[in-house]
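A quick write-up on the structure given underneath.
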């Protein structure tokens, strides 16, 4: 990627992360649509021999063979039996029955996580710079499980099965399914087995935001990553005939618009379809749009398809307006015609001009790439939100990372829009989604694994969470673009990832397999469900009191039955154990409460002193909560600090 | 499979490996035998041992329901389709 490394501080701290030895021993497995091996992001110049721990392979198939792998791309496999069993044999004229990426998504995510340094990268000049993965020295192993028709769980399980045998160190999965319980969810099941083998599993949180309870991949043994913006934008202004200018974003590159104002029409008024405003296939009346700029609304069909529909109907350009669900979020696209995307507010203003002026006119002014945009990061509107619909007592997402307008490697088989009509071919593309933020964390986890090979997956995730930031340098809280207000732990989890601090977090909240089994007991899983998920005959100890409140997670989600608490205040106790991974130190606790009354929080002991490495100390948090209306949420933050290290945890308190 | 009972769909079969009968030398033989007890034609798509103890296969709904009753079967879960984010 370009810009993410600077935005995350990796450029200034390169010397802090190991660059030789262990750094190039870490292997990131990516379950996705495969890879385009010719991408410059998989150049292996300067990399030593393939790690001796590697047991994987480079499979042969359509347009792919062992010679396509190298010391960067050390493994490439594909899994299609489940896909073919359901949808029939792969049509090899349409997709490669091999690890080759015909879609672009897999090359993008793999190169984001661990791509080599590529000078002079850009998309048509946009987002130009030196592209590099988060872990430039790590190795990549691609496991193709996603096909044109989808990603099938029997193939996903087979890929994770193989990745474990191959000895990957990190698994990156930018995919999700429904919200079935953990023992029925193949990603959760496979991730549990991987975690047991010391593999950190990083997954996308989902793009179903800003609705609440919209998360995917919420198992506690998975690192769940939401999406935030970078400090980079691609401004393209809408200049109206009434002299008003409204900013939008665009990645359009090509013949510009004529240097004059052009006739402007709202798609809803140039169509016979009831949803003609959406610019869906065959809904625009050519006579009404030919030679004009067309305003379309987001929704239902793909943004880039709207542009293609306008172009096919003879439109000269498009202004694409956000609706309420995307608010002011601006995702840029490499449209096939001059087009720009505007937020909901500006979209409404432009529409009122359209209806008020008898001869509305407009043009679009493209300004290229702009950096230093503030405030940034903001939580992307599409980023899925908590609470955790499967286990509300487990706060998710875990963190956010860059996921909006991310440039990274692309397939040579498809254009930047992914449309069949797009005959352009690019080495890098700019796309958005929690699919993009997940591999950022996968690569950062690989960096931490290289620096601390002895850390468990839980310790790595803890380091990333307790050092994440929740406010800008000016002290203002992170914003949620969907509301224009401060985001909450249900939006950003522990906050935005901060890898330089994560390298030395001071203390970590560690978790063992037994802790995760205790979590399942606290959920009252049956022996059969635990056997399905954890492949062992395990009976929860009837004499033990398993409690979600004592599950050693680096965050807190306190749930109160509003009806019960109406009779007065309730007292809830939560215990945690911190492990010292830094120098000796005495840590003092502080609590910041960001919203409302109704909660008193105290911590015992208020001081923890560590003298040894890996020394463990426990503490108890007592929440005294008074009655509040149902569906009230309150948030706070608990921090341990010795003056140098800050170990932060978000607290979400919900009255249900 | 829900609409057409003869329609085959893919299922993930979770087995309680520790309950493998002594008569079998290897758990894959036990899996094969369990599958053949409900369907002559069904083939194993994948056998798993790291992520789960079990296998995936294509069954009719009726076959899936009768397999679920067999000894050592923990669950017979319909395959799920996942989407890229």
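Chains as they are written, first to last, in the working numbering: chain A, 498 to 1153; chain B, 9 to 93.
Glycine residues also receive a C-beta, built at the ideal position from the N, C-alpha and C atoms.
Residue contact check for residue 41/B against chain A: no CB pair falls below 8 Å. Going by C-alpha positions, residue 920/A is about 40 Å away from residue 975/A. Within the stretch 932 to 1011 of chain A, the complete alpha helix (DSSP H) segments of 4 residues or longer fall at 954 to 963, 986 to 989, 996 to 999, listed in chain order. Contact between the stretch 508 to 515 of chain A and the stretch 937 to 952 of chain A is present, with at least three C-beta pairs closer than 8 Å. In the DSSP assignment, residue 847/A falls within the alpha helix (DSSP H) that extends over 841 to 853.
Across the structure, residue 900/A and residue 1073/A are spaced so that their CA atoms are roughly 31 Å apart. Here DSSP, grouped into helix, strand and coil, assigns residue 1017/A to helix. Assignment of beta-bridge partners to residue 52/B by DSSP yields 65/B.
None of the residues of the stretch 531 to 565 of chain A has a beta carbon lying less than 9 Å from any beta carbon of chain B. The secondary-structure analysis by DSSP pairs residue 1137/A across a beta bridge with 1086/A, 1144/A. The beta carbon of residue 55/B is closer than 7 Å to those of 36, 39, 63 in its chain, skipping five residues each way along the sequence.
Interface flag for residue 91/B against chain A is set, since a Cβ pair is found closer than 8 Å. Annotation: residue 584/A to residue 1151/A spans about 44 Å, alpha carbon to alpha carbon.
For residue 77/B, not one C-beta of chain A is nearer than 8 Å to its own C-beta. With respect to chain B, the C-beta atom of residue 1045/A has no partner C-beta closer than 8 Å. Boundaries of the beta strand (DSSP E) around residue 529/A: 524 to 529.
Residues of the same chain with a CB within less than 6 Å of the CB of residue 990/A, apart from the 5 flanking positions on each side, are 894, 895, 896 in chain order.
Here the stretch 729 to 742 of chain A does not lie against the stretch 701 to 716 of chain A, with fewer than 3 beta-carbon pairs under 8 Å apart. Under the Cβ criterion of 8 Å, residue 583/A is counted among the residues facing chain B. Within the stretch 54 to 65 of chain B, 54, 56, 57, 58, 59, 60, 61, 64 place their CB atoms closer than 8 Å to a CB of chain A, listed in sequence order.
Excluding five sequence positions before and after residue 818/A, the CB atoms of its chain that fall closer than 6 Å to its own CB belong to 794, 839, 844, given in chain order. The contact set of residue 1035/A on chain B, defined by CB atoms closer than 7 Å, is empty, because the minimum CB distance reaches about 11 Å.
Taking 8 Å as the cut-off, the beta carbon of residue 815/A is found closer than this to the beta carbon of residue 807/A. Residue state for residue 704/A is assigned as coil, using DSSP reduced to three classes. In summary, residue 594/A is buried, with 16 or more beta-carbon neighbours lying within 10 Å of its beta-carbon over all protein chains present. In this structure residue 724/A touches residue 930/A by the C-beta definition: roughly 7 Å separates them, less than 8 Å. Contact between the stretch 968 to 984 of chain A and the stretch 13 to 25 of chain B is absent: fewer than three C-beta pairs spanning the two stretches fall below 8 Å. Annotation for residue 653/A: 528, 642, 683, 684, 687 place their beta carbon closer than 7 Å to its own, counting only its chain and skipping 5 residues before and after. Judged by DSSP in its simplified three-state form, residue 535/A adopts coil rather than helix or strand. Using a 10 angstroms sphere on the CB of residue 922/A, the tally of other CB atoms stays under 16, which defines it as exposed. Within the model, the alpha-carbon separation for residue 886/A versus residue 711/A is close to 8 Å. Nearest to residue 973/A by C-alpha distance, out of 963/A, 965/A, 984/A, is 984/A. For residue 811/A, same chain residues with a beta-carbon under 8 Å away, outside a window of 5 residues either side, are 783, 786, 787, 788 in chain order. Taken through DSSP and simplified to helix, strand or coil, residue 554/A comes out as coil.
Non-local C-beta neighbours of residue 695/A in its own chain, meaning closer than 7 Å and more than five positions away in sequence, comprise 953, 954, ordered along the chain. Cα atoms of residue 1054/A and residue 1077/A: separation of roughly 24 Å, rounded to the nearest angstrom.
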